[in-house]
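Enquirer:
Encoded structure:
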């Protein structure tokens with residue numbers, strides 16, 4: 242069952258096109274990832290779907306309600322956690338949740354149970370009496386998620402919820418997302434962390450306001466990087482890249498730490514092919530090892546291709 246059906250959404254701010262004809266289908270009970278660099282249009286898209294911004298063009302329904310005409314019905318049934326922490330620092334954890342229970346008009350007969358549920362799922366039962374101002378950043382984010390799910394929303398929209406959060410609390414936060422998925426809640430999450438994106442059931446990659454790819458994380462890698470990938474080390478990686486980039490049969494060559502990561506067309510002996518190319522470029526005897534392409538590799542490759550398309554059309558990249 243589709244809970245979001247968006248078609249050709251456009252959002253402009255003056256002459257700047259923040260979202261450029263983006264279409265989405267989101268299935269109930271899934272974790273849907275919206276991946277892209279800073280400034281790609283992720284926050285604008287999430288605010289459109291929450292009914293906080295109005296698109297200039299396109300149509301969409303969220304939970305069957307029209308995005309333009311029924312925004313109040315949508316807002317009643319969704320949870321939204323913005324990038325900016327918006328709870329009250331001078332209240333305790335429990336007081337913040339009690340305040341939001343009132344905002345959501347949760348009946349008093351159910352309020353206590355919903356508060357305990359939010360404390361439990363956010364792993365905040367031991368911190369219920371603490372002032373929010375004293376909480377570390379990762380714990381604050383868990384509190385914000387608890388507040389966003391108090392009213393049992395069918396979809397939760399999370400805008401870069403772990404930005405600036407330490408690795409331990411990032412892992413804990415994604416454990417909470419997994420619990421929501423198993424409970425049947427649809428989660429729409431924006432991120433620019435590749436390891437987080439791999440936890441999603443389905444991903445959209447957005448760049449310069451445009452959707453440039455959509456698939457499951459593994460399918461995305463397999464579809465975009467269908468060749469043979471190697472790392473070559475033993476010479477300055479920028480030199481290796483400069484010598485190989487643009488050659489026929491070389492799909493991509495990128496600096497990757499102290500090595501160069503090279504994607505070749507598949508053939509009977511791609512490792513031997515790469516060694517011959519390097520010798521011909523005056524770079525013999527380099528260490529070559531096969532590597533499994535990652536989501537980060539696919540993301541970089543897709544951005545390369547999109548930049549090439551934009552330049553060919555006479556445009557400018559962001």
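In the working numbering, the protein residues as written are 242 to 559.
All C-beta atoms in this analysis are idealised placements derived from N, C-alpha and C, irrespective of residue type, glycine included.
(1) Taking the alpha carbon of residue 390 as the point to measure from, which residue in 370, 350, 266, 344 has its own alpha carbon closest?
(2) Locate the beta strand (DSSP E) running through residue 529, then write down its first and last residues.
(3) Tell me residue 495's beta-bridge partners as DSSP assigns them.
(4) Counting Cβ pairs, one atom from each stretch, are 3 or more of them under 8 Å apart for the segment 490 to 507 and the segment 447 to 454?
(5) Expressed to the nearest angstrom, what Euclidean distance is found between the alpha-carbon atoms of residue 297 and residue 282?
(6) Please report the straight-line C-alpha distance between residue 388 and residue 285, rounded to a whole angstrom.
(7) In the DSSP assignment, find the alpha helix (DSSP H) that holds residue 416 and state where it starts and stops.
(8) For residue 540, does the three-state DSSP call read helix, strand or coil?
(9) In the DSSP assignment, find the alpha helix (DSSP H) that holds residue 480 and state where it starts and stops.
(10) Can you give the Cα-Cα distance for residue 300 and residue 307, rounded to whole angstroms?
(11) Apart from the five residues on each side of it in sequence, which residues of its chain come closer than 8 Å, Cβ to Cβ, to residue 513?
(12) For residue 340, report the span of its beta strand (DSSP E) as first-last.
(13) How many Å lie between residue 574 and residue 488 at the Cα?
Expert: In brief:
(1) 344
(2) From DSSP, the beta strand (DSSP E) with residue 529 extends over 528 to 531.
(3) 502
(4) Here the segment 490 to 507 makes no contact with the segment 447 to 454; the two share fewer than three CB pairs at distances below 8 Å.
(5) 15 Å
(6) 22 Å
(7) 408 to 423
(8) Looking at residue 540 - three-state DSSP - the assignment turns out to be helix.
(9) 478 to 485
(10) 8 Å
(11) There are no such residues.
(12) No beta strand (DSSP E) holds residue 340; the alpha helix (DSSP H) holding it covers 334 to 344.
(13) Residue 574 lies beyond the range of the chain shown here (242 to 559); nothing can be said about it.
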